[in-house]
Structures are given as structure tokens and as C-alpha cells.
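Q: Attaching a single structure in C-alpha cells format; questions to follow.
There are 2 protein chains.
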Amino acid sequence: MSDSFAVTKTNRVRQLKDKADYDTDTVHSILDAGIVAHVAFVQDGEPVVVPMIYGREGNTIYLHGARKARVIRLLEQTDRACMNVTLLDGIVYARSVFNSSMNYRSVTVFGAPILVEGSAAKLEAMRHISEHTMPGRWDEVRESHEKEVKMTGVITLEIESASAKISAGLPDDEAEDYDIPIWAGVLPVTTTVGTKIDDDRLLPDVAASEIVLAMQDRTL
Amino acid sequence: MSDSFAVTKTNRVRQLKDKADYDTDTVHSILDAGIVAHVAFVQDGEPVVVPMIYGREGNTIYLHGARKARVIRLLEQTDRACMNVTLLDGIVYARSVFNSSMNYRSVTVFGAPILVEGSAAKLEAMRHISEHTMPGRWDEVRESHEKEVKMTGVITLEIESASAKISAGLPDDEAEDYDIPIWAGVLPVTTTVGTKIDDDRLLPDVAASEIVLAMQDRTL
């Protein structure tokens, strides 16, 4: 049996409770499927949300940005961040507006952001982010320059609390609405990686490697 | 010439400034292309971010949820929300990790959420949200029951401040890195609406309408 995140006031799903899932494997699998996270924090008492790429190892999320970027400086200063990753899977056409909805996989994570110090620790975090978004690429490219590591701000977000919410399947209409002579169903929404576009400054005889080719036609 | 949002401390893009765009038309066009927004607000001093669908009319954003949902109650109580819509367009494989990045269209909006009262105003807002996610569907389905309108909480978010950030094109490597014999380029990422899946309780002789068929193969 897989572990679960404890259900607390913070992460308890209140609406559509039957779609809630606190299972660690479910939370991790949605995080692993996504590429863009939305990270929220409080600045001067006001909410800010920023899209970021990320990496994950166990219950640790890695985030990065320019060392001087507002998002990094603020995540460094605050002791609380909330992060959501949502993958849209479909538009659900019910027989009423009320029952129309979306199919999706969504995870919300709460934790305390910590600035990573030290070149080795930063590189390890950067590797996780790189491997999450471009699997296998880390070992293909040149090593990072020390200056580049210095210019990068890296944040870890330990998952203190998390919940997943998954909605899938066909419309759920009112009993009497099934008599309405109207089409209902789902329009699936898919996010896919397409065919590579070569840089216009490629050296002669340079081809895309297996790890690049393997990303093509990947579905998130 | 199109209008722009005033650049203030709140919405000023500080990183990769050349990608920033405050043009009203640009902001609107990205909002119109997206389906899922991430809405952040402060609850008991802590950040929360929630994925929501939305509608737009001019500089007004419409959001909705169950009337009793936490997100609606909290948006009702707070005078500040931040919303981001990001569309991922590509993974940019540069010749270093440092210069690798994403292509995207992103908009961040700041405003004061207000609960919409009154059946007619709520219905009008709900129509905007429905038309944004399922164009043309509003007039096909049965009218909303008064009870359904009562059970729905509707929020308007007037755009007080906004910025767009667009990243597109090929990698931008260090001059000396172009001599590294490695492939570089972009893997495009596309989100598309696919072929309809019929509900398993369709009445005989009921076909999908033009507005449903027109959504198929739409790219966000």
C-alpha cells in the first residue's frame, strides 16, 4: 500500500470530495507528468502567482530562477508557498451549463521554501529541474560554469501537505436531463511534444540524440 | 495604436524585460487563448493558488465555483487576487543548461475580486465563462434553473494591472558555445482539442452540433 499525505485543514479538498486523492504516488505522478507549476507566495500581504518549471525528488520540489529575480528573493524570504500543477484533459459537455465541467489532473502542494546554498547542492537541484523538463539532456550539454551557478537562485520546497484532484469520464447529468435531445460528451484536450525544430546555427553533421528524439510525440 | 496597462511596481516585469508586453490587446489575446487560469489569494496570511476556468469581457475577468466553495468564500472576503494564465509553447534545448528554457505565452493579472449578486448579473457572468470554454454551447443547452444559479458563486476580477510575457524562437547561446558539436533547437509543445467522445447515454438520432465540431482540432 502506498503512503498518503495526512488530511489537514490546509490540504483537505472540500468540493467534489470524491475526486480528492491524498495518495503519495498519485500526487507524485501528476507532478511528474506536468512541466509548468504555478507557485504562489505573499508579497507585502498580497498574493502573487508565478509560472515556473520544477523538478522533484521524493517529497522535495526544486524551483529556480535568476538569483536576483523577484520570485527567488521572495521565496527566500517567505516561510510559505503554495504550488499547483494542473493538466487539462477534456472539456465535458453536459446537458446543462451547471453540470458542464472539465476533466483534469491537479495537485496542490504546500510547503516552506528554502534557498539552496553552495555550488554542489545547487547543481544537484538544477540537475533535477533539467532532468524533469529535458530528460537526459544534463549529461549531453557542457558543464555549467561557476558563474552560471552563482547567477541561478535555487529553492527547495519540501512537501508538507498535498492533495490531488482528478476528474475524468463522461458528463454527470440530472436524471431528467437525459431526455433532452442534445449531444453530450467530452472533447479531449491533449498536450503533446511535437517534432523538433533545428536551431539555425547547428554545426554540420550534428544530429539530435536519442533523448531528444524520445521526447517527440510525448504526451503530458 | 492599442492601449496599454500602466507599468507600476505591481506588474513591472523585472527579468527578461525584452519579453515583457503591457499592450492591452496582447494581454487579452493570451487570456482568450487559455482555458485554465491559476488564481492566487491570501488565506490567514498564507498563499493559496487554485486552478479555475474563466471568462473575459473587456478588462473584466469572470470566475465561478460552488457558492460554498472555499475559493469563492475567500475571494468574496479578500480585496486582492492575482491570476496567471500560461500557455506552454516549447522546450528550448540550448547548448548549455543555463541557456535552456521554455517558449510560452503568459499573462499575470492583479485585481480586486467582487462577488456578483443577483440572478441576472450572475447568469451574464456564467454565460461569459461558458462561452469562453465552450463557445456557442450556452444557447444549445437548457436554461439554468434558479436553484443552480443560487448554488453558483460568481466573482468578477477587474484587471487593475496586468503584464504579458512571451518567449518564442530558437535558443540564445553564448557566442563560444556555438562551436560545441551538439544538437540544439526547440521541441514544440501544443495543446489541442481532439475528437469528440460521445456520452454513453445519447438519445438516438442526436448528433453533435456545428459548435461542438468546430472545437475539434482547435489549438490553444
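Those sequence lines, one after another, are chains A and B. Residues in the first sequence are numbered consecutively from 25, following my numbering. Residues in the second sequence are numbered consecutively from 25, following my numbering. Note that CB positions come from ideal geometry on N, CA and C, so glycine has one too. Owing to the predicted nature of the structure, the values given are computational and were not obtained by experimental measurement.
Please report the distance separating the alpha-carbon of S233 of chain B from that of I206 of chain A.
A: 9 Å
Q: Where does G69 of chain A land, buried or exposed, given buried means 16+ other C-beta within 10 angstroms?
A: exposed
Q: Using the three-state DSSP reduction, which class does R225 of chain A fall into: helix, strand or coil?
A: coil
Q: Using the Cα positions of R104 of chain A and S130 of chain A, report the straight-line distance between them to the nearest angstrom.
A: 20 Å
Q: Which bits of chain A does S53 of chain B rub up against, with CB to CB less than 8 Å?
A: The premise fails here: S53 of chain B is roughly 17 Å from chain A at the closest Cβ pair, so nothing lies under 8 Å.
Q: If you draw a straight line from the alpha carbon of E148 of chain B to that of T34 of chain B, how long is it in whole angstroms?
A: 30 Å
Q: So Q39 of chain B contacts chain A; which residues on that side make the cut at Cβ distance below 9 Å?
A: G89, A90, K92, A93, R94, V95
Q: Name the DSSP beta bridge partners of L211 of chain B, please?
A: As computed with DSSP, L211 of chain B is found in a beta bridge with B:I115.
Q: What did DSSP end up calling H88 of chain A once you bin it into helix, strand or coil?
A: strand
Q: Just to make sure I have the definition right: I need the residues of chain A whose C-beta is within less than 9 Å of the C-beta of G69 of chain B. Which are they?
A: V66, G69, R104
Q: With 8 Å as the threshold, decide whether the Cβ of G209 of chain A is near any Cβ in chain B.
A: yes
Q: Using DSSP with H/G/I as helix, E/B as strand and the rest coil, what is V236 of chain B?
A: helix
Q: Please report how far the alpha carbon of P75 of chain A lies from the alpha carbon of M107 of chain A, in whole angstroms.
A: When rounded, the distance between both Cα atoms is 9 Å.
Q: Does the Cβ of V31 of chain A have 16 or more other Cβ atoms within 10 Å, making it buried, or fewer, making it exposed?
A: exposed
Q: Can you give the beta carbon distance from V236 of chain A to Y117 of chain B, rounded, assuming they're within the 8 Å contact cut?
A: 7 Å
Q: Classify G142 of chain B: buried if its beta carbon has 16 or more other beta carbons within 10 angstroms, exposed otherwise.
A: exposed
Q: Taking C-beta pairs closer than 9 Å, name the residues in chain B that G218 of chain A reaches, listed in chain order.
A: Annotation: Cβ neighbours of G218 of chain A in chain B (cutoff 9 Å, chain order): G114, L211, P212, V213, T214.
Q: Any beta-carbon of chain B closer than 8 Å to the one on Q240 of chain A?
A: yes
Q: Flag this pair as touching only if the stretch 177-192 of chain B and the stretch 73-89 of chain B have three or more C-beta atom pairs under 8 Å; answer yes or no.
A: Touching, per the Cβ criterion.
Q: Looking at R80 of chain A: is its Cβ nearer than 8 Å to the Cβ of H156 of chain A?
A: yes
Q: R166 of chain A: which of B:I138, B:R161, B:S124 sits nearest, CA to CA?
A: B:S124
Q: Can you pull the chain B residues whose beta carbon is under 8 Å from the beta carbon of N108 of chain A, in chain order?
A: H62, V73, V74, P75
Q: Quick one: which chain B residues come within Cβ less than 9 Å of T157 of chain A?
A: I115, S124, M126
Q: Mind pulling the chain A residues with CB within less than 9 Å of A136 of chain B?
A: Chain A residues near A136 of chain B: none, gap ~11 Å exceeds 9 Å.
Q: Go ahead and pull the three-state DSSP assignment for I153 of chain B.
A: helix
Q: Among the candidates A:L111, A:R94, A:Q67, A:A64, whose CA atom is the shortest distance from the CA of K189 of chain A?
A: Minimum Cα distance to K189 of chain A is reached at A:L111.
Q: Give the DSSP bridge partners of P159 of chain B, in chain order.
A: For P159 of chain B, which the question treats as bridged, DSSP gives no partner whatsoever.
Q: If you check the beta carbons only, do L99 of chain A and P137 of chain A fall under 8 Å apart?
A: A contact, by the Cβ cut-off of 8 Å.
Q: Considering only residues of the same chain and omitting the five flanking positions on each side of Y202 of chain A, which have a CB-CB separation below 8 Å?
A: R119
Q: With a CB to CB cut of under 6 Å and the five nearest residues on each side skipped, what residues in its chain are close to M239 of chain B?
A: Same-chain partners within the cutoff: V217.
Q: Taking buried to mean at least 16 other C-beta atoms within 10 Å of its own C-beta, is G135 of chain A buried or exposed?
A: By the 10 Å Cβ count, G135 of chain A comes out buried.
Q: Pull up the distance between the alpha-carbon of K174 of chain A and that of G89 of chain A, whole angstroms please.
A: Taking the straight line from one Cα to the other gives about 11 Å.
Q: Against A30 of chain B, what residues of chain A qualify as contacts under a CB-to-CB distance less than 8 Å, listed in chain order?
A: Going along chain A, no residue has its Cβ under 8 Å from A30 of chain B, so there is no contact; the nearest lies around 17 Å.
Q: Within the stretch 45-74 of chain B, note down every full beta strand (DSSP E) run reaching 3 residues or more, in order along the chain.
A: 60-67
Q: So, does the CB of I204 of chain A fall closer than 8 Å to a CB anywhere in chain B?
A: Closer than 8 Å: yes.
Q: Express the C-alpha separation of F122 of chain A and V230 of chain B in angstroms, rounding to a whole number.
A: 21 Å
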